[in-house]
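**Q** Sharing a structure, written as C-alpha cells. Questions coming.
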Amino acid sequence: MIDQATIDRILDAAQIVDVVSDFVTLRKRGVNYVGLCPFHDDRTPSFSVSPARNICKCFACGKGGNPVHFIMEHEQITYLEALKYLAKKYGIEVKERELSNEERQAQNDRESAFIVNQFARDYYHDILLNNPDGRSIGMAYFRSRGFRDDIIEKFQLGYALQQRDAFPKTAIAKGYNEKFLTSYEAKVKVNDRDETVTKGTGICYKREDGQLVDRYAGRVIFPWISLSGKVVAFGGRLLDSRTKGVAQKYVNSPDSEIFHKERELYGIFQAKKAIVKEDCVYMVEGYTDVISMHQCGVENVVANSGTALSKYQINILHRFTNNIVLLYDGDEAGIHAATRSAEMLLQEGMTVKVCLLPDGDDPDSFARKHTAQEYRQFIDDNATDYIRFKTNLLLKQAGNDPLKRGEAIREITKAIAIIPEAIMRDVFIKEAADMLGIEEKRMVGYVADQRKTNREAEDKRKAVAAQTPATSQNQDAMQGPVSPQGEMPDAPPMPPIDDLPNRDMSPNREEVQAGNELISVNSQSAKALYKYEFHIMQLVVRYGEKVMCELTDEEGNNTPVTVIDFVSSTLEQDDMVLTNPLFREMLKLAVEHQHETDFSAERYFINHPNTAISQMALELVSERYQLSKYHSKYQTIVADDQRLQELSTEITISYKYAIVNESLQEVLRQLQDPAIAIDGLKCAQTIKRYTELREIQAELAKRLGERVVLTF
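For my numbering, count along the sequence shown from 1 and bump the result up by 14.
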C-alpha cells in the first residue's frame with residue numbers, strides 16, 4: 015500500500031495538461047485545452063482539459079477525471095498502478111512493503127506480462143552490450159547498419175543468444191513464472207459470456223518434450239514500446255548471413271491480451287513529441303527505417319511494420335496530428351502500400367501526402383546518406399497530395415487506352431468520395447477534373463453518385479450487423495460514437511435538465527423522511543428528485559468548505575457556517591435524506607471530512623479512490639453544468655460563490671417542497687385506486703395521509719416566505 019502522504023504528493027505534482035499531452039495533442043481554447051478524445055473514435059475536439067481544476071472530460075463519451083483517472087482509463091490499470099505510473103513520471107519515491115508469494119501469484123495477469131516483457135527487454139539489451147556473442151554478432155550487425163550507441167540505447171535494441179534455452183533458464187532462475195514466458199489461453203467473462211483470450215508474452219514456446227525455447231534465439235531484438243512507455247512486444251530479425259532463402263526474416267510477438275499488432279505503431283513512444291512539434295508524421299514500413307531516420311535527425315516517424323494500416327493505428331496518429339506523409343520505396347510494392355494506406359487515412363479525415371524515394375533507396379538507406387535538413391527538403395520538394403499522386407499514376411498507366419482512362423476516372427472518383435470534409439472534396443474535384451480533362455460539374459456528379467453508393471453499402475452493412483449482436487458490438491466498440499463538438503466554456507448557462515447525466519437513481523421504493531413523517535418515493539419520483547439532488551450536491555462539491563454565513567449565539571459569539579454545514583443541517587431539520595444512494599454517501603463523507611486541515615470538497619471527491627464517487631464529482635464540477643441564475647429576479651450575473659446563501663437556501667427548500675409534492679401525487683394516485691376506494695379503512699388512512707402531507711407542505715411554504723420555489 016502507498017501511504018496517504020505520498021498519494022498527496024503525487025496528486026499535487028500531477029498536472030492534467032502535462033499528463034494528457036503525453037497521449038493527446040492539445041490546443042488552447044480560452045482558459046482550457048481541447049483535443050481528440052483518446053477513448054472513442056473522435057473526429058472533432060470533444061475532449062476538454064481544465065488546468066485550473068486539474069481535470070479532463072469528453073463531452074461526447076463522458077470519460078475523464080483527474081490525472082489518476084485518466085491514466086487508469088487510458089492504460090486500463092488499477093488506481094494503485096496509476097499512482098505508481100505518475101510517481102515514476104514525476105520522480106516521486108514510492109515505498110511499499112514487499113509482496114508475498116501469494117500476492118505475487120494473485121497479481122493481475124496483464125501486469126505480470128508487462129513485467130516479464132520489461133525483464134526480457136533489459137536481458138536482451140544487456141546481452142547485446144556485455145556478452146561476447148552479443149558484441150561480436152548482434153552489435154556487429156547494428157554497426158553495419160550505422161547505428162550509434164545513443165540510438166541503440168534510445169530504442170533499447172538487443173540480441174538473443176543462439177542457445178535456445180538461455181533466456182528461459184535465466185528468467186526462471188530469476189523467479190519469473192513459466193506461464194508468463196509463453197502464450198496460454200484462458201477463459202474470461204465478456205458481457206456475461208465466456209470468451210477465450212490469449213495471455214502471457216509468447217517470448218518462449220514449448221517443444222513437445224516440454225522444453226522451453228526462446229522464440230528469438232539468434233536474432234537481433236527490436237522492442238515495441240507503447241504510448242505510455244510499456245514494453246508490449248518484440249520483433250526479432252535473422253542476421254544477414256542467415257536470411258538467404260528464408261521467407262520470414264522477422265518474427266514478432268504473437269497477439270495476446272497486451273499486444274495486437276494492428277493496434278500498435280513501432281516508434282510511437284519515441285516519436286510522439288516530435289509529431290506534435292512538427293504537426294506531421296512520416297509513415298514508413300520497417301524497424302530500421304524508423305531508427306535510421308531518428309539517427310539522421312528526423313524523429314516524427316513511425317512504422318506499421320509490414321501490416322495493412324488499421325483504423326486503430328490511424329486513431330492513434332490522429333490524436334497527435336492531422337497531417338501524414340507516406341514515405342515508401344519507389345518500386346511497385348511501395349506504390350501499392352501507399353495506395354492501400356492512403357484511402358483509409360482519407361476516410362478518417364486526415365491530410366495525406368505520398369513521397370516516393372529514389373529508385374534503389376528505402377527510408378533506411380536514404381537516411382544514412384543524408385542529413386535531417388536534406389531529408390526534410392527532399393520530402394517537401396517531392397511529397398504530393400494523394401489525389402494528385404493517384405491521378406498521375408492512373409493516367410500514366412492508362413496511356414491512350416480509353417477503357418483504362420474510364421477506369422482511372424472511376425478509381426479517382428471513389429477516392430474523392432470517401433473524403434468526409436465537403437470543402438476538401440470540392441478542392442480535389444476541381445484539381446482532378448483539370449488533370450483528367452473533363453468538366454468539373456460532371457466530376458461533381460460522379461462523386462455524388464459514388465457517395466450515394468457508399469451510403470447504401472454502409473446502411474446494408476449496419477442492417478446485417480444489427481442481425482448479428484456480437485458482430486455489431488465489436489464494430490461499435492471499434493468505431494465509437496459520433497461525437498458532437500464539445501468544450502468547457504467559461505460561464506455557460508445551465509443546460510436543460512434533460513441534459514443532466516443519466517445515473518442509476520434509487521431502488522424501486524425508498525423511505526424518505528420529511529417533517530417527521532415517512533414519505534414513500536417510487537423510482538419515478540426519485541428520478542424527478544434527482545434534478546434537485548444533483549444541484550444540491552453540486553453546491554456541496556464545488557463550494558462545500560466555503561463559509562456562507564455566520565451564526566451569532568446569545569453571548570455574541572460568531573460560528574461560521576459552511577455550505578456542507580448548511581445543507582446537512584437543513585435536511586436533518588426536517589428528518590430528510592437524499593434519495594440517491596451515491597449522493598447520500600458523498601454528503602456523509604463531506605460532513606465527516608470537512609474539518610480536516612486544508613480540506614477542499616472538490617479536491618477530495620475528484621481524487622477519491624472510489625471511481626463512482628470521483629466520476630460523479632467530475633460531473634458536478636464540470637463547467638457544462640455551471641450553477642447559474644435560476645429565475646428572472648436575478649438580472650445581473652454574478653459569481654456563484656458570491657450568492658451561496660441565496661442559492662443554498664432556495665435549492666434546499668425547493669427540494670423539500672418537491673419531495674412533498676411528489677408524495678402528494680402518489681397519495682392522489684392511491685385515492686383513485688378502486689381497491690382503496692371500496693375499502694373504508696384504507697380509504698380513511700389514505701385521506702388522513704393526504705391531510706398530513708398538506709400540512710407539511712404548508713409548513714414548508716411558510717419557510718419559503720416570499721421566495722420563489724425553484725422548478726427544474
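Glycine is no exception: its CB is placed at the ideal position from the N, C-alpha and C atoms.
Do the region 209 to 216 and the region 79 to 95 touch if we need at least three Cβ pairs shorter than 8 Å?
**A** Not touching, per the Cβ criterion.
**Q** Determine the burial state of ASP56: buried for a count of at least 16 other Cβ atoms within 10 Å of its Cβ, exposed for fewer.
**A** Burial call: buried.
**Q** Quick one, which of LYS444, GLU199 and ARG41 has its alpha-carbon nearest SER4's?
**A** The structure shown does not extend to residue 4, since the chain is modelled only from 15 through 726, so no value can be given for it.
**Q** Taking all protein chains shown into account, do 16 or more other C-beta atoms lie within 10 angstroms of the C-beta of LYS716, making it buried, or fewer, making it exposed?
**A** Per the 10 Å Cβ criterion, exposed.
**Q** Entirely within the region 365 to 390 and at least 3 residues each: give me those beta strand (DSSP E) ranges in chain order.
**A** Here the runs fully enclosed are 365 to 370.
**Q** Using the three-state DSSP reduction, which class does MET590 fall into: helix, strand or coil?
**A** Residue state, collapsed to three classes: coil.
**Q** DSSP three-state label for PRO434, please.
**A** Of the three classes helix, strand and coil, the one that applies to PRO434 here is coil, per DSSP.
**Q** What does ARG43 pair with, by DSSP beta-bridge criteria?
**A** ARG43 is bridged to ASN46.
**Q** Three-state secondary structure (DSSP) at ILE166?
**A** In the structure shown, ILE166 sits in a helix (DSSP, three-state: H, G or I).
**Q** Do you know offhand how far GLU472's Cα is from ILE235's?
**A** When rounded, the distance between both Cα atoms is 42 Å.
**Q** Grab the span of the alpha helix (DSSP H) containing ALA317 for me, first residue to last.
**A** First-last for ALA317: 315 to 317, but that is the beta strand (DSSP E), not the alpha helix (DSSP H).
**Q** Is the distance from the Cβ of LYS418 to the Cβ of ALA412 below 8 Å?
**A** Yes. Within cutoff.
**Q** Does LYS98 come out as helix, strand or coil in the three-state DSSP assignment?
**A** Reduced to three states, the DSSP call for LYS98 is helix.
**Q** What are the residues that DSSP puts in a beta bridge with MET297?
**A** In DSSP, MET297 forms a bridge with VAL316 and LEU340.
**Q** What's the call for GLN552, buried or exposed, on a 16-neighbour Cβ count within 10 Å?
**A** Burial call: buried.
**Q** Take every Cβ of the region 186 to 195, pair it with every Cβ of the region 239 to 247, and state whether three or more of those distances are shorter than 8 Å.
**A** Flag = no, the region 186 to 195 and the region 239 to 247 do not touch.
**Q** Hey, LEU195 and LEU226 are a contact pair by Cβ (cut 8 Å); roughly how many whole angstroms apart?
**A** LEU195 to LEU226, Cβ: 7 Å. Contact.
**Q** Can you check which of these residues, PHE128, ASN131 and ASP163, is closest to LEU790 by C-alpha distance?
**A** With the chain covering only 15 through 726, there is no way to say anything about residue 790.
**Q** Distance, Cα to Cα, LYS325 vs GLU616?
**A** Cα-Cα distance, rounded: 38 Å.
**Q** What is the rounded straight-line gap between the Cα of ILE166 and the Cα of GLY300?
**A** Computed Cα separation, rounded: 16 Å.
**Q** Counting only beta-carbon atoms, is LYS98 nearer than 8 Å to chain D?
**A** Absent from the structure: chain D. Only one protein chain is present.
**Q** Give a yes or no on contact between the region 673 to 682 and the region 697 to 712, applying the rule of three or more CB pairs nearer than 8 Å.
**A** Flag = yes, the region 673 to 682 and the region 697 to 712 touch.
**Q** Taking 8 Å as the threshold (C-beta atoms), are ALA322 and ARG354 in contact?
**A** Yes.
**Q** The beta strand (DSSP E) spanning ALA247 covers which residue range?
**A** Here the beta strand (DSSP E) through ALA247 covers 245 to 252.
**Q** Skipping 5 residues on each side, what residues in its chain have a beta carbon closer than 7 Å to that of GLU344?
**A** Per the sequence shown, residue 344 should be read as Gly rather than Glu. So the qualifying residues of the chain are LEU370, LEU371, PRO372 and ASP373.
**Q** VAL290 to PRO52, Cα distance in whole Å?
**A** Approximately 15 Å between the Cα atoms of the pair.
**Q** For ILE338 and LYS428, I'd like the C-alpha separation in whole angstroms.
**A** Approximately 20 Å between the Cα atoms of the pair.
**Q** Within 8 Å, do at least three Cβ pairs link the region 360 to 370 to the region 65 to 84?
**A** Verdict: no, contact absent.
**Q** Can VAL366 and TYR400 be called in contact, C-beta distance under 8 Å?
**A** Contact flag set, yes.
**Q** According to DSSP, which residues form a beta bridge with TYR264?
**A** Beta-bridge pairing links TYR264 to ARG251.
**Q** Apart from the five residues on each side of it in sequence, which residues of its chain come closer than 6 Å, Cβ to Cβ, to GLY529?
**A** For GLY529, the pLDDT reaches just 39, beneath the cut-off of 50, and the residue's location in the model is therefore unreliable, leaving the point undetermined.
**Q** To the nearest angstrom, report how far apart LEU543 and ARG657 are at their CA atoms.
**A** One C-alpha to the other measures close to 23 Å.
**Q** Which same chain residues end up closer than 6 Å to THR573 when comparing Cβ atoms and leaving out the 5 residues on each side of it in sequence?
**A** Within the same chain, THR573 has close Cβ partners LEU565.
**Q** For the beta strand (DSSP E) containing PHE273, list its first residue and its last residue.
**A** First-last for PHE273: undefined, no H or E at that position.
**Q** Can you tell me which of ILE667, ASP693 and GLU676 puts its alpha carbon nearest to the alpha carbon of GLU713?
**A** For the residues ILE667, ASP693 and GLU676, the minimum Cα distance to GLU713 belongs to ILE667.
**Q** With distance defined between alpha-carbon atoms, name the residue in SER197, ILE239, LYS201 and ASP208 nearest to ASP228.
**A** It is SER197.
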